[in-house]
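Working notes, beginning with the structure itself.
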Amino acid sequence: MITLYRFADDWGFDPSPFCLKLETHLKLARVPFEKRTSLVAFMRAPKKKLPYIVDDGQVVDDSEGIIEYLKRNYGVSLDSWLTPAQRATGHAVRRMLEEGTYWVLIYSRWVEDKNWRRYRPVLFGAVPSLLPYFPHFESTISSELSIEVFS
Ligand SMILES: N[C@@H](CCC(=O)N[C@@H](CS)C(=O)NCC(=O)O)C(=O)O
Numbered sequence: 000m001i002t003l004y005r006f007a008d009d010w011g012f013d014p015s016p017f018c019l020k021l022e023t024h025l026k027l028a029r030v031p032f033e034k035r036t037s038l039v040a041f042m043r044a045p046k047k048k049l050p051y052i053v054d055d056g057q058v059v060d061d062s063e064g065i066i067e068y069l070k071r072n073y074g075v076s077l078d079s080w081l082t083p084a085q086r087a088t089g090h091a092v093r094r095m096l097e098e099g100t101y102w103v104l105i106y107s108r109w110v111e112d113k114n115w116r117r118y119r120p121v122l123f124g125a126v127p128s129l130l131p132y133f134p135h136f137e138s139t140i141s142s143e144l145s146i147e148v149f150s
């Protein structure tokens, strides 16, 4: 069975849009999977990012890469009915949301004080053992934000 490594459900759902997207995809496709959240799993993530899956010993990362993997290995194709024009529109909207809008969400959660006060316990409260890694997260997020905003 597929194991999906992701963040915790403190808000009633995974706060990561990429994990939420993949979890929703798996549910819609009715592919059986189990969810796991742990610091060790996070540190083992191929690119130190979630989500990733382990399927029969094979590690696959990146939400889009995993969706391609599901197509190849499980015959899942939720968008097979789209016309080429609709597929192109979907691709453009996805790229805009994942590579542009996503960073507005990150800024609003991590940088705006009033939001950070509410988000921090969600992020670290679920996995208190993540706290020692906090400076790492903060500097990674800050440098990723600067790259995105200034590039
Ligand atoms: N392109 C990746 C992006 C995944 C991603 O950015 N995940 C974030 C959470 S939303 C993450 O794990 N960040 C941890 C970090 O940067 O240290 C995908 O589609 O899965």
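Quick note: the sequence shown, position 87, residue 86 per numbering that gives the first Met the number 0, numbers continuous. From the three backbone atoms N, C-alpha and C, an ideal C-beta is built for every residue, glycine too. Treat the numbers as computed from the prediction; the structure is a model and nothing was measured.
Restricting to Cα atoms, I'd like to know which of T139, D78, D112, V121 is closest to D8.
V121
Hey, quick one: how far does the beta strand (DSSP E) through K34 stretch, first residue to last? 32–35
- Message: Could you check if E63 belongs to the surroundings of ligand 1, using beta carbon to heavy atom distance under 7 Å?
- Response: yes
Check your understanding: Heavy atom of ligand 1 less than 7 Å from the Cβ of P50, yes or no?
Key -> yes
(message) Here's the rule: buried if 16 or more other CB atoms are within 10 angstroms of the residue's CB, otherwise exposed. What is I146?
(response) exposed
> The beta strand (DSSP E) with L81 in it runs from where to where?
Replying inline: It is not in any beta strand (DSSP E) - L81 carries neither H nor E in the DSSP assignment.
What does DSSP give as the partner residue(s) for D54 in the beta ladder? Q57
Q.
Is any non-hydrogen atom of ligand 1 found closer than 7 Å to the C-beta of F17, if you look at the structure I gave you?
A. yes
_Please report the straight-line C-alpha distance between L27 and Y101, rounded to a whole angstrom._
23 Å
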